[in-house]
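**Student:** In my numbering, the protein residues as written are 1 to 199. Where is the CB? At the ideal position from N, CA and C, for every residue including glycine. Quick one: the structure is below, and I'll ask about it shortly.
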Amino acid sequence: MKIRAVEFIKSAVKPAQYPEYDFPEIAFAGRSNVGKSSLINTLINRKDMVKTSSRPGCTQLINFFLVNDGLSLVDLPGYGYAKVSKQIRAQWQPMVETYMGTRKTLLGLILLIDIRRDPGKEELEMVRWLETKQIPCLLVLTKADKLSKTKQLKQFDAACTAFNRDRNGIVLFSAKNRQGRQTIWDEIHNLIDWYQEEE
Numbered sequence: 001m002k003i004r005a006v007e008f009i010k011s012a013v014k015p016a017q018y019p020e021y022d023f024p025e026i027a028f029a030g031r032s033n034v035g036k037s038s039l040i041n042t043l044i045n046r047k048d049m050v051k052t053s054s055r056p057g058c059t060q061l062i063n064f065f066l067v068n069d070g071l072s073l074v075d076l077p078g079y080g081y082a083k084v085s086k087q088i089r090a091q092w093q094p095m096v097e098t099y100m101g102t103r104k105t106l107l108g109l110i111l112l113i114d115i116r117r118d119p120g121k122e123e124l125e126m127v128r129w130l131e132t133k134q135i136p137c138l139l140v141l142t143k144a145d146k147l148s149k150t151k152q153l154k155q156f157d158a159a160c161t162a163f164n165r166d167r168n169g170i171v172l173f174s175a176k177n178r179q180g181r182q183t184i185w186d187e188i189h190n191l192i193d194w195y196q197e198e199e
């Protein structure tokens, strides 16, 4: 996809604060420090449109970005970081579930998992929850460059088994060498095509 323009729209906590537009949306979720910001920046060919941090738990709001005046990318708060206060962690789940359960322009969610760790309870529960809501979910194993090709494939197969998916439902990604970028855009385009056909 040729990126002509990218704009940060706003941050939000509750539905009344969401942007009032009808552009299709793709949301991104994952554990804190899984590489969400790096993945989104790689997709949109920007180095720092989405702020990256070495300190997990920084993203505590829902952040909306507009691409080419026609597609919204939504950065959801990271989860699972112990050093963030319990009060803040308790706010994240209802905030994210409210967004995903009520946002009518949401086409699907891209769930990021660090390839160096096995899928955890949070990821498995989120995928099951998305299935009950009939929200498409693409699984992306991030930081693939940190492992050898052999270990990448081993973790890839383990994720396929854990989520009961075939190889088409999971993508290996690296922000460093841009591995998987085009595949993710292809999946996003498939969702947009489906959305336009349904309208």
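#1: On the DSSP bridge assignment, give the partners of residue 11 in chain order.
#2: Closer than 7 Å by C-beta to residue 170: which residues in its own chain qualify, once you throw out the five before and the five after it? Chain order, please.
#3: Put residue 79 into one of helix, strand or coil per three-state DSSP.
#4: Between the Cα of residue 8 and those of 130, 62, 189 and 164, spot the shortest distance and give me the residue it belongs to.
#5: Short of 7 Å in beta carbon distance, which residues of its chain neighbour residue 15, apart from the five on each side in sequence? Order them along the chain.
#6: Can you give the Cα-Cα distance for residue 57 and residue 35, rounded to whole angstroms?
#7: So what does DSSP say about residue 38, is it helix, strand or coil?
#8: Under the rule that 16 or more other beta-carbon atoms within 10 Å means buried, what is residue 10, buried or exposed?
#9: Alpha carbon to alpha carbon, how far is residue 175 from residue 133?
#10: Residue 118 by DSSP, collapsed to three states: which one?
#11: Looking at residue 200: is its Cβ nearer than 8 Å to the Cβ of residue 106?
**Tutor:** By the coordinates alone:
#1: Taking the first residue of the sequence shown as 1, we reach residue 11 at position 11. According to DSSP, which records beta bridges pairwise, residue 11 is partnered with 63.
#2: One-based indexing of the sequence shown puts residue 170 at position 170. Excluding positions up to five away in sequence, the list reads 139, 141, 156, 159 and 160.
#3: Walking along the sequence shown from the start, residue 79 turns up at place 79. Of the three classes helix, strand and coil, the one that applies to residue 79 here is strand, per DSSP.
#4: The residue labelled residue 8 in the question sits at position 8 within the sequence shown. The shortest C-alpha separation from residue 8 is found at 62.
#5: In the sequence shown, the residue the question calls residue 15 occupies position 15. Correct list, in chain order: 98 and 102.
#6: Residue 57 sits at position 57 when you count from the first residue of the sequence shown. Residue 35 sits at position 35 when you count from the first residue of the sequence shown. Caution applies to residue 57, whose pLDDT of 44 falls short of 50 and renders its modelled position unreliable; the model cannot decide the point.
#7: Residue 38 sits at position 38 when you count from the first residue of the sequence shown. Residue state, collapsed to three classes: helix.
#8: If you number the sequence shown from 1, residue 10 lands on position 10. That one is exposed.
#9: Stepping through the sequence shown from its first residue, residue 175 is reached at position 175. Stepping through the sequence shown from its first residue, residue 133 is reached at position 133. The alpha-carbon atoms of residue 175 and residue 133 are separated by roughly 30 Å.
#10: For the purposes of this step, residue 118 is taken as the residue at position 118 of the sequence shown. Residue 118: coil per DSSP, three-state reduction.
#11: The shown model of the chain, from 1 to 199, leaves out residue 200, and the question about it has no answer.
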